Every structure is written in C-alpha cells, then in structure tokens.
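Per this note's numbering, the sequence shown starts with residue 520, numbered consecutively.
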Amino acid sequence: MNGPWIVKLGGSLWNGDTLRPWLSHLAAERARRIVIVPGGGPFADTVRHAQPVLGYGARAAHRMAILGMEQYGLALLDLEPGLVPARTVADMEAAPGAAVWLPALLAAEADVEESWDVTSDTLAAWLAERLGADRLVLVKSVPLPTETADALALSRIGVIDPVLPNRMGRLSAEVRCVGCDDLPLFATDLRGGTPAGTLLLSAERLADTEPEAAWSGTFSS
Numbered sequence: 520m521n522g523p524w525i526v527k528l529g530g531s532l533w534n535g536d537t538l539r540p541w542l543s544h545l546a547a548e549r550a551r552r553i554v555i556v557p558g559g560g561p562f563a564d565t566v567r568h569a570q571p572v573l574g575y576g577a578r579a580a581h582r583m584a585i586l587g588m589e590q591y592g593l594a595l596l597d598l599e600p601g602l603v604p605a606r607t608v609a610d611m612e613a614a615p616g617a618a619v620w621l622p623a624l625l626a627a628e629a630d631v632e633e634s635w636d637v638t639s640d641t642l643a644a645w646l647a648e649r650l651g652a653d654r655l656v657l658v659k660s661v662p663l664p665t666e667t668a669d670a671l672a673l674s675r676i677g678v679i680d681p682v683l684p685n686r687m688g689r690l691s692a693e694v695r696c697v698g699c700d701d702l703p704l705f706a707t708d709l710r711g712g713t714p715a716g717t718l719l720l721s722a723e724r725l726a727d728t729e730p731e732a733a734w735s736g737t738f739s740s
C-alpha cells in the first residue's frame, strides 16, 4: 500500500439510494488508505442560484462553493460515524480509516481558477496530486462509457468539469469514473481485482493510445 485512493462522491448522490452503501463500505475499508472528497451537492447549487440575485463575484462564489463541499462533508460524517474528518494533509496521513476531506482550509492553497468551471472534480485532482495518490475515483450518477474515454469528450457533455482534462496531465494517479451503482465492482477493485469503471485519458495519453481504444463519442446524461 503506497499512495492513497482519492474517492470523490458526487454531489448528485445526495438524494439517492446509493450514497449510504458507499459510505458504509468506504468506512469499513482497511486494505487501502481512502480519502473521500465530497461534492458540493445542494449546498453548492444554492451558491450558484443565489449569485445572480445577490451579485457577488467569482472569488466569493468559489469560496462559498468550497464551503458547500465542507457542508456536504459534515453531512457524510454524520451519516457514517466510521469515517474520520480531515482538514489537513497531516490529518489524512494520521487517519485510522477512511477520511472525509473538509476542504475549507486546505483548498485555499489550491492553484485553480476561481470560476464555476472548477468543481470538486478538479479539487479532487489537486488533492490527489498533493498526496501522491495512486488512484483518483470520481463516483458519478450519469451513464458512463466502458473501458476508456477521452476526458475532454466527457467534459464537453458535462460528466466531468472542463478544467479536469488539462489538470490530469499533472497527475501520476490513474483517473477513473465509476457509476454510483457499481459499488460491488469497486469493492472488487479495492481487493486487487479488475479495475472498476471508465479509465479517463488525458490528451497526452490519448496520443499514445490506439484510436479504437479511446472512447470519444457522446451519450445522453
């Protein structure tokens, strides 16, 4: 066991039936170090919807959306007491089990643009880079292609944020999207089985990939 796995739980899972099973399984995991990155969920949506009414700028909206992630993270910790809160890298390294990143403090250091193009996807990638993670897993509630996919194509149809594809070039971690209904496959993956979900390829990796191996189509999400 080397670097941790960063598991971003999409905000869209907040009102579905799959969130609690994911939390329960991750809390019980001991074979790998896990750091959970919470999406913004309804908390970040509130920031987005209020911005044109109140008129606050991009910097304020960015910081408020991060606080939305923190709120979602606090909710996850309450729903699953087996998870551990983590605000700093030291907290994550010392956590006896799966940790939930509460990002308000550490995300202030992230070298990302302050706009709605940056979501918890890119912040999860930033954290994966910071921690030297082995795997970045983005748990999504939309249909996903099988095997491999062009990250840029996925960003164009809203599966991942538009900043993540370029950010991936800085990562040593493998990046995968996993469907929220695919927890059994992910659990097998954690135990060294077949990798779960869709492998995302950056522009650099696509250049070294056979054309037929890289999905670049579209589908309805």
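Just so it is clear, CB atoms sit at the ideal spot from N, CA and C, and this is done for glycine as well.
Computed from a predicted model, the values in this text were never measured in an experiment.
Alpha helix (DSSP H) segment containing residue i, residue limits
| i | result |
| --- | --- |
| D640 | S639 to L650 |
| E589 | A577 to L598 |
| T707 | L702 to L709 |
| V572 | G560 to L573 |
| R606 | Careful: R606 lies outside any alpha helix (DSSP H) and carries neither H nor E. |
Test item: CB-CB of residue i and residue j under 8 angstroms
| i | j | result |
| --- | --- | --- |
| G651 | W620 | no |
| A547 | V566 | no |
| L642 | A626 | yes |
| K527 | V694 | no |
| R552 | W524 | yes |
Euclidean distance between Cα positions of residue i and residue j
| i | j | result |
| --- | --- | --- |
| G535 | E632 | 30 angstroms |
| G601 | D610 | 15 angstroms |
| K659 | T537 | 11 angstroms |
| G587 | R689 | 26 angstroms |
Residue i Cβ short of 7 angstroms to the ligand GTP heavy atom set
| i | result |
| --- | --- |
| L646 | The ligand GTP is not part of this structure, which contains no ligands at all. |
N- and C-terminal bounds of the beta strand (DSSP E) containing residue i
| i | result |
| --- | --- |
| W524 | W524 to L528 |
Helix, strand or coil at residue i according to DSSP, with G and I counted as helix
| i | result |
| --- | --- |
| D669 | strand |
| A692 | coil |
| P540 | helix |
| R675 | helix |
| L655 | strand |
Per-residue burial, residue i [other beta carbons within 10 Å of its own, 16 or more giving buried]
| i | result |
| --- | --- |
| E731 | The predicted position of E731 is uncertain, since its pLDDT is 41 and thus under 50; a value taken from the coordinates is nonetheless stated next. So E731 counts as exposed. |
| L624 | exposed |
| R703 | This sequence places Pro at residue 703; Arg is not what is there. By the 10 Å Cβ count, P703 comes out exposed. |
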